[in-house]
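Each residue of the sequence shown is one higher than the one before, counting from 8 in the working numbering.
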Amino acid sequence: MGATRAQKEVYFVKLKELIIKYPSIFLVNVDNVGSNQMHQIRVALRGKGVVLMGKNTMVRRAIRTIIAEFPHLERLLPHVKGNIGFVFTSDDLKDIRGIITANKVAAPARAGALAPKDVFVAAGNTGMEPGKTSFFQALGIPTKIARGTIEIVSDIKVVTAGTRVGPSEAALLNMLGISPFTYGMSVVQIFDSGNVFAPEVLDIGDDEILGRFTTGIKTLAALSLALHYPTLVSVAHSLVNSYKNLIAIALATEFTFEGAEKAKEYLANPEAFAVAAAPAAESGPATTEAPKEEEKEEEKEDESDDDMGFGLFD
Numbered sequence: 008m009g010a011t012r013a014q015k016e017v018y019f020v021k022l023k024e025l026i027i028k029y030p031s032i033f034l035v036n037v038d039n040v041g042s043n044q045m046h047q048i049r050v051a052l053r054g055k056g057v058v059l060m061g062k063n064t065m066v067r068r069a070i071r072t073i074i075a076e077f078p079h080l081e082r083l084l085p086h087v088k089g090n091i092g093f094v095f096t097s098d099d100l101k102d103i104r105g106i107i108t109a110n111k112v113a114a115p116a117r118a119g120a121l122a123p124k125d126v127f128v129a130a131g132n133t134g135m136e137p138g139k140t141s142f143f144q145a146l147g148i149p150t151k152i153a154r155g156t157i158e159i160v161s162d163i164k165v166v167t168a169g170t171r172v173g174p175s176e177a178a179l180l181n182m183l184g185i186s187p188f189t190y191g192m193s194v195v196q197i198f199d200s201g202n203v204f205a206p207e208v209l210d211i212g213d214d215e216i217l218g219r220f221t222t223g224i225k226t227l228a229a230l231s232l233a234l235h236y237p238t239l240v241s242v243a244h245s246l247v248n249s250y251k252n253l254i255a256i257a258l259a260t261e262f263t264f265e266g267a268e269k270a271k272e273y274l275a276n277p278e279a280f281a282v283a284a285a286p287a288a289e290s291g292p293a294t295t296e297a298p299k300e301e302e303k304e305e306e307k308e309d310e311s312d313d314d315m316g317f318g319l320f321d
C-alpha cells in the first residue's frame, strides 16, 4: 500500500530540512542490505550523518517540489534510480564513505543472485560421503574418494563475477559451508554543493591535484606567450623576457640603465672579473693538495723505517 498524503507531506518536509542542513549527499546502493545491517549503519553514522530511505518516485516528486528554491538539485534527479538510499552529511566525505562501506556482512550464495566476484572451491577433503560424487560430477568438479569421503582434487572456479548463481552452484556452496559474498552499502554517486561526481574522485590526492593544476598553469602561460595575449600566469614570463631584451639593446647601443651596467662592465673589462674570480678558484685546489703533502711525509717515514729494517738483516 502506498504512502498516505500525510506521510508524503512529512517526508517532503523532512527531505527539505535535510537538504538545507547538510551540503553533501551520498547516493548509496542498498541491494541485499537487511534491516539489522541498516540499523548498525545508522548507529555508526549517528552524529555524523543521516540515512534517508524512500521510494524513487516519491523522492523525485519531493525534489521537484523544491527545485524552484534549490535549482542545483536538478542534477541529482538522473541518479535517483535503482535500489538506492541517501546519506546526508556535513563531515569529511572520505571519512563518511569509510563508515558507510565498512559494514559488510558475509552471506551465502543464493540461486539467481548476481555474483559480485569470482568464487573458487579449494582443493581438499569435503567430509561428504561418496554417494554425493555424482553431484560434483554434474558441476565438472574433479574428485576422488579418500578415507571414505569425497576429496576435491584441485581448485576450481564455480561462479564467475557478473553472472547469476545457478541452483546447483548455490547448493554446493551451502553444503560446503561457504559464504562467498559480502553485502553492504556501496556508494554510487556523491552530491556535494551542487556537484555530482563518482566516489573514486575522493581517492585523488592533494599531490595529484597540485600536479594537474601546475600543468594547466604552464600550458596556459605557454599559450598566452605564443598568442601575445597577456594573462595573469604569463605576466612574469613577459616581464623576464622584456628585461632580457632591454639588456640586449643596452649592450648593442650607448643606452644604459642600472640593470645593464654590470653586464656592460663585464664585456668592457673581462680581465677584471677574471682576477676577482681567481682567488675563489685557487681556494678550492689548496684543500685538495694538503692531503698529498701529508701522504709524501708518511712515505718518507716509511722509507726510513724500511732502511732500518734492512740494516738489521744485511
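Glycine residues also receive a C-beta, built at the ideal position from the N, C-alpha and C atoms.
Model, not experiment: these values are computed from the prediction.
- Cβ atoms of D125 and A168 come within 8 Å of each other, at about 5 Å.
- The beta-carbon separation of L34 and L59, rounded to 11 Å, does not stay under the 8 Å limit for a contact.
- Around the Cβ of Q196, a 10 Å sphere holds 16 or more other Cβ atoms; the residue is buried.
- The DSSP-derived three-state label of S241 is coil.
- Fewer than three Cβ pairs drawn from the region 79 to 99 and the region 131 to 140 lie within less than 8 Å of each other, which leaves the two stretches out of contact.
- The residue among V194, I26 and L83 with its C-alpha nearest the C-alpha of I106 is V194.
- A straight line joining the alpha-carbon of F262 with that of S249 spans about 16 Å.
- Within the region 41 to 66, the alpha helix (DSSP H) runs of at least 4 residues that lie entirely inside it are, in chain order, 42 to 51.
- Note that the C-beta distance between V57 and F95 is below 8 Å.
- In this structure, T140 is the residue among V166, L146, A13 and T140 with its C-alpha nearest to the C-alpha of I157.
- 8 Å or more divides the Cβ of E81 from the Cβ of I73.
- Under the three-state reduction of DSSP, Y190 is assigned to strand.
- With contacts defined by Cβ atoms closer than 8 Å, V203 and L84 do not form a contacting pair.
- Separation of the CB atoms of I32 and F198 is rounded to 4 Å, and the pair is thereby assigned contact status at 8 Å.
- For S31, the enclosing beta strand (DSSP E) has its first and last residue at S31 to N36.
- Counting only the Cα atoms, L179 lies some 11 Å from V172.
- In the DSSP assignment, T156 falls outside any alpha helix (DSSP H) and within the unbroken beta strand (DSSP E) covering T156 to I159.
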